[in-house]
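Reviewing the structure listed below.
Number of protein chains: 2
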Amino acid sequence: MTVISEVGSAPISSSASSRSSAGDSEASAIRQRNEETILEAAEAVFAQHGYRGGSVQAIAEAAGLPKSNVLYYVGSKRRLYVALLERMMARWNAMLDDISVDDDPAEVLEAFIRSKMALTRAHPRGSRLFAAEVLGGAPFLQDYLRGELRDWVQARARVFDQWAERGLMDPVDPVWLIFLIWSATQHYADFEPQVLGITGRDALGEQDYQEITDFLCRLILKGCGICR
Amino acid sequence: MTVISEVGSAPISSSASSRSSAGDSEASAIRQRNEETILEAAEAVFAQHGYRGGSVQAIAEAAGLPKSNVLYYVGSKRRLYVALLERMMARWNAMLDDISVDDDPAEVLEAFIRSKMALTRAHPRGSRLFAAEVLGGAPFLQDYLRGELRDWVQARARVFDQWAERGLMDPVDPVWLIFLIWSATQHYADFEPQVLGITGRDALGEQDYQEITDFLCRLILKGCGICR
DNA sequence: AACGCTCTTGACCAAATGGTCAAGATAATA
DNA sequence: TATTATCTTGACCATTTGGTCAAGAGCGTT
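Protein chains in written order, with the working numbering: chain A, 1004 to 1231; chain B, 1004 to 1231.
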């Protein structure tokens, strides 16, 4: 199940490396610890500067390790980046549960908004990494977007359409609705400096996220004619 | 009216350069032409790779000029980047017209959504440039976000609140509402690869944007209890 | 034609880039 | 304790980075 591939190049398998483990369940404790540190540091750097703009040196410094040591563990900058994308897409996939026509639209949509918001909140740097990747033309995520994710959206869209037919919600285009939810939630990670600058705060707290999530649920459900 | 400044560094004035003109109305025709070419090329490159990730060499190639020639015109990578941000913020500011409590909420909000969408559509690379800048921590736009833009939002927020008091709309937090509109529209530039991948198209056309804009207007107005 | 200005561009620079390698340190196993 | 596998790291490499410079080409004015 390799999620990531690249446009003009062969796919990169997450296993089967000469030295790297990258997912192997059995790895020395020290390797596990260092890989974890490196992944966290790299996520921060790539999220801020993108793939091209992020340097191995910067990652190494953030991780508190010599550059050679970082490369010893991850093999290459590219592989590190891909591993991060895989990790983020795994989190994303873990959030996407199935729905059926017989489910309650209000419940489903609200759960959808809340879980997407929770994901954004739990992994803001991962969200930004994803944003940077897509912003740069999604060179590594093309196949995922056009395949797995597309199928997921279309399955969801069919259910929404059926709900509309049954008069359970307004006949809105489900795809635009899904994009609306994605963008509105994603915003609080990707545009955090803007949000903080305008609200004058230096961080958003638990109650802010509660308030925002409630606001989004209320407005969107009402906006597409779903009463709860 | 210098919009741009940088966190740990002195502000960069857009005028008063040794050779660059950057806004001077009188500039040789050839200079004007080349600067235009360079700006367009640079916008594409920076939008895709961010400030750090975008190289002068790549910009030069995109512009079809030798690197030295690019630097002759723009002085430095940093100055080029700042000029692009200034240009985009000028476009943004040109869109932000004033509103009053006596205006019609439906009209104002719909015009707001439509003009923001039009801006995104007219300048997708500029939108992406802005997104990349904010994603990277907004090092050059901090002051703008915390100053001018914050004031603009808060002025708008007061009017929204008054509308709510008069029962013209639901009592929603105006700031979250504004963020919702910004994010939902911005999405179609910043996440274009995702949008195209999922819809299976290779470009969005006039009617797509019409449809999306109508959808957003309908849902958001209804969602915050504004009837038209 | 001669002057001065703008423009063009290859050569060049120090610094940073991603990545390799070998030699030594440490840990795990016998 | 001896041996093997993992880990650590500075030295090093070719390439790319942003930027300078000087020498010349083009061009408008007198």
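By construction, the Cβ of each residue, glycine as well, lies at the ideal position given by its N, Cα and C atoms.
From a predicted model like this one, the values you see are computed outputs, not experimental measurements.
Interface residues of chain B around residue i at Cβ under 9 angstroms?
{"i": "Trp-1095 of chain A", "result": "Within chain B, no residue comes near Trp-1095 of chain A; the closest Cβ sits about 12 angstroms away, beyond 9 angstroms."}
{"i": "Asp-1176 of chain A", "result": "Glu-1214, Ile-1215, Phe-1218"}
{"i": "Leu-1088 of chain A", "result": "None at all; the shortest Cβ gap to chain B is about 14 angstroms."}
Ignore the nearest five residues each way along the sequence and tell me which others in residue i's own chain have a CB closer than 7 angstroms to its CB.
{"i": "Ser-1118 of chain B", "result": "Met-1098"}
{"i": "Ser-1205 of chain B", "result": "The sequence given here places Asp at residue 1205 of chain B; Ser does not occur at that position. Counting only Cβ-Cβ distances below 7 angstroms, and skipping sequence neighbours, we find Leu-1199."}
{"i": "Ala-1044 of chain B", "result": "Ile-1062, Ala-1065, Ala-1066"}
{"i": "Val-1010 of chain A", "result": "In this predicted model, Val-1010 of chain A has a pLDDT of only 38, less than 50, meaning its place in the structure is not dependable; the value taken from the coordinates is given anyway. Counting only Cβ-Cβ distances below 7 angstroms, and skipping sequence neighbours, we find Pro-1142, Gln-1145."}
{"i": "Asp-1176 of chain A", "result": "none"}
{"i": "Val-1073 of chain A", "result": "Ile-1041, Val-1059, Ile-1062, Ala-1063, Ala-1066"}
{"i": "Ser-1182 of chain B", "result": "It should be pointed out that residue 1182 of chain B corresponds to Phe in this sequence rather than to Ser. Here the set comprises nothing."}
{"i": "Ser-1130 of chain A", "result": "Thr-1123, Gln-1189, Ala-1192, Asp-1193"}
{"i": "Lys-1080 of chain B", "result": "Val-1059"}
{"i": "Gln-1213 of chain A", "result": "none"}
Have a look at the options and flag the residue whose alpha-carbon is nearest the alpha-carbon of residue i.
{"i": "Asp-1100 of chain A", "options": "A:Phe-1133, A:Asp-1107, A:Ala-1050, A:Val-1111", "result": "A:Val-1111"}
{"i": "Arg-1055 of chain A", "options": "B:Gly-1203, B:Arg-1149, B:Gly-1139", "result": "B:Gly-1139"}
{"i": "Pro-1069 of chain A", "options": "A:Ile-1201, A:Ile-1041, A:Ala-1047", "result": "A:Ile-1041"}
{"i": "Pro-1127 of chain B", "options": "B:Leu-1219, B:Phe-1049, B:Glu-1039, B:Gly-1057", "result": "B:Phe-1049"}
{"i": "Cys-1220 of chain A", "options": "A:Leu-1083, A:Arg-1082, A:Lys-1080, A:Met-1120", "result": "A:Met-1120"}
{"i": "Val-1059 of chain A", "options": "A:Gln-1035, A:Tyr-1084, A:Gln-1197, A:Arg-1036", "result": "A:Tyr-1084"}
{"i": "Ile-1102 of chain A", "options": "A:Gln-1210, A:Arg-1161, A:Asp-1211", "result": "A:Arg-1161"}
{"i": "Gly-1170 of chain B", "options": "B:Asp-1217, B:Ile-1201, B:Gly-1228, B:Phe-1218", "result": "B:Gly-1228"}
{"i": "Glu-1039 of chain A", "options": "A:Ala-1158, A:Leu-1207, A:Arg-1090", "result": "A:Arg-1090"}
{"i": "Arg-1159 of chain A", "options": "A:Asp-1106, A:Asp-1217, A:Gly-1053", "result": "A:Asp-1106"}
{"i": "Leu-1087 of chain B", "options": "B:Ala-1134, B:Gln-1157, B:Ser-1031", "result": "B:Ala-1134"}
{"i": "Met-1092 of chain A", "options": "A:His-1052, A:Leu-1152, A:Tyr-1212, A:Gln-1197", "result": "A:Leu-1152"}
{"i": "Trp-1179 of chain B", "options": "A:Ala-1030, A:Gln-1197, A:Val-1178", "result": "A:Gln-1197"}
{"i": "Ser-1071 of chain B", "options": "B:Ala-1125, B:Gln-1210, B:Ser-1031, B:Asn-1037", "result": "B:Asn-1037"}
{"i": "His-1052 of chain B", "options": "A:Ile-1215, A:Val-1137, A:Trp-1185", "result": "A:Val-1137"}
Please compile the residues from chain A whose C-beta is within a distance smaller than 9 angstroms of the C-beta of residue i.
{"i": "Leu-1152 of chain B", "result": "Gln-1197, Gly-1200, Ile-1201"}
{"i": "Ser-1232 of chain B", "result": "This structure cannot settle anything about residue 1232 of chain B, because the visible part of chain B is limited to 1004 through 1231."}
{"i": "Phe-1182 of chain B", "result": "Ala-1187, His-1190, Tyr-1191, Phe-1194, Gln-1197, Val-1198, Ile-1201, Ile-1215"}
{"i": "Leu-1074 of chain B", "result": "Those do not exist, as Leu-1074 of chain B stays about 20 angstroms from chain A at its closest Cβ, beyond 9 angstroms."}
Starting from the beta carbon of residue i, find every residue of chain B whose beta carbon is closer than 7 angstroms, and list them in chain order.
{"i": "His-1052 of chain A", "result": "Gly-1053, Arg-1055, Gly-1056, Gly-1139"}
{"i": "Trp-1179 of chain A", "result": "Ile-1215, Phe-1218"}
{"i": "Arg-1231 of chain A", "result": "Residues of chain B passing the Cβ test: none, with the nearest at roughly 13 angstroms."}
{"i": "Val-1156 of chain A", "result": "Ile-1201"}
{"i": "Arg-1124 of chain A", "result": "Simply none; closest approach about 15 angstroms."}
{"i": "Arg-1149 of chain A", "result": "Gly-1200"}
If the cut is a Cβ gap below 8 angstroms, which residues of chain A does residue i touch?
{"i": "Gln-1232 of chain B", "result": "Past the boundaries of the shown model lies residue 1232 of chain B; chain B is included only from 1004 to 1231, so the question cannot be answered."}
{"i": "Leu-1112 of chain B", "result": "Ordered by position in chain A, no residue passes the 8 angstroms Cβ test against Leu-1112 of chain B, which lies about 12 angstroms from the chain."}
Cutting at 6 angstroms between CB atoms, please list the residues of its own chain near residue i, excluding the five before and the five after it.
{"i": "Ser-1023 of chain A", "result": "Low confidence applies to Ser-1023 of chain A: its pLDDT is 41, below 50, so where it sits in the model is not reliable enough to give any reading."}
{"i": "Ser-1021 of chain B", "result": "For Ser-1021 of chain B, the pLDDT reaches just 36, beneath the cut-off of 50, and the residue's location in the model is therefore unreliable, although a value from the coordinates is still provided. There are no such residues."}
{"i": "Pro-1174 of chain B", "result": "Ala-1167"}
{"i": "Val-1104 of chain B", "result": "Val-1162, Gln-1165"}
Starting from the C-beta of residue i, find all residues in its chain whose C-beta is less than 8 angstroms away, skip the five residues before and the five after it, and write them out in chain order.
{"i": "Cys-1230 of chain A", "result": "Ala-1109, Leu-1224"}
List the residues of chain A that residue i touches, going by C-beta distances under 7 angstroms, in chain order.
{"i": "Lys-1225 of chain B", "result": "Lys-1225, Gly-1226"}
{"i": "Arg-1131 of chain B", "result": "Leu-1138"}
{"i": "Leu-1171 of chain B", "result": "Under the 7 angstroms cutoff, chain A gives no residues; its nearest Cβ is about 16 angstroms from Leu-1171 of chain B."}
Could you name the residues of chain B that residue i contacts, counting a contact when the two beta carbons are closer than 8 angstroms?
{"i": "Ala-1235 of chain A", "result": "Because chain A here runs from 1004 to 1231, residue 1235 of chain A falls outside it and cannot be looked at."}
{"i": "Leu-1083 of chain A", "result": "Here the premise fails: no neighbours, minimum Cβ distance about 16 angstroms."}
{"i": "Leu-1042 of chain A", "result": "Ordered by position in chain B, no residue passes the 8 angstroms Cβ test against Leu-1042 of chain A, which lies about 19 angstroms from the chain."}
Secondary structure, alpha helix (DSSP H): runs of 4+ residues fully inside the segment 1064-1119 of chain A: You should have 1070-1077, 1080-1098.
Entirely enclosed alpha helix (DSSP H) segments - the segment 1203-1231 of chain B, minimum 4 residues: List check, alpha helix (DSSP H) in window: 1209-1226.
Segments assigned beta strand (DSSP E), at least 3 residues, entirely inside the segment 1124-1192 of chain B: List check, beta strand (DSSP E) in window: nothing returned.
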